[in-house]
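Novice: Next up is a structure, given as structure tokens.
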């Protein structure tokens, strides 16, 4: 019961941030984006939805992801994430993770980064429950294609040794566009080593 309350609270907070961002977008006096701005080195909260096309099946999975990115130092961000994945009514996985993301601003072509973190996951498959530690690692690079627009290709590994799917590699790209200096829209495409394809849309709110 306590776990359900926490999950509902997190989702409610994420929806509230998204609605607040939308309200700012409707403001007839939006704050324009000045200079160049990506996601690395910014303090923001993000909410995304992914439609996951499962390989060799007519079914799909729904993935809801909420994260907070906090600038810790020059070239270093801290990331807290909550993720909920559902496949029909029989399969559900939840995960809470924390990570450190180090990046470089020394290159004119973009900001390469590396990321490492861990957390815990809970899974329910056909009535059977299980849980596991999570190990995450990722590499990528953020390319500033316009003052308010960035494109970030990435590779990410996730290990969950005690769950049904023990490891996963994700290869993808995500785009972010700052509509104002505080509100952005984002989209992405990724494919994992199990040949599942994810299509992502979402919003980021800078604070």
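Residue numbers (my numbering): 1106 to 1312. We treat Cβ as the ideally placed atom computed from N, Cα and C, and that holds for glycine.
1) Three-state secondary structure (DSSP) at residue 1178?
2) By DSSP, does residue 1263 sit in helix, in strand, or in coil?
3) For residue 1152, is the beta carbon positioned less than 7 angstroms from some heavy atom of the ligand MN?
4) Per DSSP, residue 1249 forms a beta bridge with which residues?
5) Which first and last residues belong to the beta strand (DSSP E) in which residue 1227 is found?
6) How about the segment 1139–1157 and the segment 1208–1224: do they share at least three Cβ pairs that are nearer than 8 angstroms?
7) Would you say the segment 1237–1256 touches the segment 1217–1225, given that touching needs at least three Cβ pairs under 8 angstroms?
8) Any contact of the segment 1190–1208 with the segment 1229–1240, i.e. 3+ C-beta pairs under 8 angstroms?
9) With DSSP collapsed to three states, give me the class of residue 1234.
10) Roughly how many angstroms lie between the CA atoms of residue 1160 and residue 1292, to the nearest whole one?
11) Beta-carbon separation of residue 1280 and residue 1142 under 8 angstroms?
12) State buried or exposed for residue 1260, treating a residue as buried only when at least 16 other CB atoms are found within 10 Å of its CB.
13) Hey, quick one: how far does the beta strand (DSSP E) through residue 1303 stretch, first residue to last?
14) Measure the alpha-carbon distance for residue 1286 versus residue 1309 and round it to whole angstroms.
15) So if DSSP puts residue 1166 in a beta bridge, which residue, or which two residues, is it bridged to?
16) Tell me whether residue 1314 sits in a helix, a strand or coil according to DSSP, three-state version.
17) What first and last residue would you give for the beta strand (DSSP E) that runs through residue 1199?
18) To the nearest angstrom, report how far apart residue 1165 and residue 1225 are at their CA atoms.
19) In the DSSP assignment, find the unbroken beta strand (DSSP E) run with residue 1291 in it and report its ends.
20) If contacts are defined as beta-carbon pairs under 8 angstroms, then residue 1155 and residue 1276 qualify, I think. What distance do you get, rounded to the angstrom?
21) DSSP three-state label for residue 1268, please.
22) Pull up the DSSP beta-bridge partners for residue 1151, would you.
Specialist: Let me spell this out:
1) In the structure shown, residue 1178 sits in a strand (DSSP, three-state: E or B).
2) Strand, per DSSP.
3) The ligand MN is absent from the structure shown, which contains no ligand whatsoever.
4) According to DSSP, which records beta bridges pairwise, residue 1249 is partnered with 1255.
5) Segment 1216–1230, the beta strand (DSSP E) holding residue 1227.
6) Because the criterion of three Cβ pairs below 8 angstroms is met, the segment 1139–1157 and the segment 1208–1224 touch.
7) Three or more Cβ pairs drawn from the segment 1237–1256 and the segment 1217–1225 lie within less than 8 angstroms of each other, which places the two stretches in contact.
8) As far as the Cβ criterion goes, the segment 1190–1208 touches the segment 1229–1240, which means the pair count is three or higher.
9) Reduced to three states, the DSSP call for residue 1234 is strand.
10) In a straight line, the C-alpha of residue 1160 is about 21 angstroms away from that of residue 1292.
11) Cβ distance not < 8 angstroms, so residue 1280 and residue 1142 don't count as in contact.
12) Answer is exposed; the Cβ neighbour count stays below 16.
13) In the DSSP annotation of this structure, the continuous segment of the beta strand (DSSP E) that includes residue 1303 starts and ends at 1302–1311.
14) Approximately 11 angstroms between the Cα atoms of the pair.
15) According to DSSP, residue 1166 bridges with 1157.
16) The chain is shown only over 1106 to 1312; residue 1314 falls outside these bounds and no answer can be derived.
17) 1196–1208 is the span of the beta strand (DSSP E), which, as asked, contains residue 1199.
18) So the alpha carbons of these two residues sit roughly 24 angstroms apart.
19) Its beta strand (DSSP E) spans residues 1288–1297.
20) Contact doesn't hold; Cβ gap of about 14 angstroms is too wide.
21) When secondary structure is reduced to three states using DSSP, residue 1268 falls in the coil class, being assigned neither helix nor strand.
22) Paired residues: 1172, 1309.
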